[in-house]
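Participant:
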Amino acid sequence: MLVYPEIVKESLKEYENELVRRIHRSSTLVEKEGYGVWPRVREVVELCKKLDIKKVGLAFCVGLSEEASKVDKIFESWGLEVYSIACKCGSVDKTWIGLKDEDKLIPGSHESMCNPVLQAMVLNHVGTELNVVVGLAWATTPYS
Numbered sequence: 048m049l050v051y052p053e054i055v056k057e058s059l060k061e062y063e064n065e066l067v068r069r070i071h072r073s074s075t076l077v078e079k080e081g082y083g084v085w086p087r088v089r090e091v092v093e094l095c096k097k098l099d100i101k102k103v104g105l106a107f108c109v110g111l112s113e114e115a116s117k118v119d120k121i122f123e124s125w126g127l128e129v130y131s132i133a134c135k136c137g138s139v140d141k142t143w144i145g146l147k148d149e150d151k152l153i154p155g156s157h158e159s160m161c162n163p164v165l166q167a168m169v170l171n172h173v174g175t176e177l178n179v180v181v182g183l184a185w186a187t188t189p190y191s
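Letter by letter, the sequence shown follows residues 48 to 191 in this note's numbering.
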């Protein structure tokens with residue numbers, strides 16, 4: 048990060064926030080215990096345990112529904128309360144964002160757009176304490 052030293056310095060200010068420090072310390076301890084030993088999904092579970100997190104959001108791509116279902120079952124088997132939401136939630140047609148019908152995979156049909164804003168808003172609404180992303184191409188929104 049020699050190119051952006053001012054951003055590096057600015058980022059370190061975020062660690063003055065006690066919640067950010069607590070999350071980072073806990074994730075560092077999970078890394079020490081299980082990195083390269085546990086599967087990543089177990090690392091998430093262990094982080095939840097260290098932070099006393101019970102409600103986990105699972106935002107996923109519909110193309111990875113089967114994989115997300117497996118992650119959901121694993122989280123639940125460890126006692127977590129899971130709230131899953133697919134990328135096509137809301138069933139809003141792609142033309143709503145200004146695409147032409149011919150821009151769809153199948154012109155003339157309803158094609159739902161990916162809706163990461165709604166995913167984040169719903170997970171916030173149900174009060175998830177940690178959100179896990181499975182296969183989303185762009186997961187960062189102003190609402191996440």
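Beta carbons: idealized from backbone N, C-alpha and C, even for Gly.
1. What residue does the beta strand (DSSP E) around Lys-97 start on, and which one ends it?
2. Beta-carbon within less than 7 Å of Val-139's beta-carbon, same chain only, minus the 5 sequence neighbours each way: which residues are those?
3. Indicate the three-state DSSP secondary structure (helix, strand or coil) for Leu-177 in the structure shown.
4. I need the straight-line Cα distance from Asn-178 to Arg-72, nearest angstrom please.
5. Would you tell me roughly how many angstroms separate the C-alpha atoms of Cys-136 and Ala-184, rounded to the nearest one?
Facilitator: Walking through what the data contain:
1. Taken as a continuous stretch (DSSP letters only), Lys-97 belongs to no beta strand (DSSP E), being part of the alpha helix (DSSP H) at 87 to 98.
2. Ser-159, Met-160, Asn-162
3. strand
4. A straight line joining the alpha-carbon of Asn-178 with that of Arg-72 spans about 18 Å.
5. 15 Å
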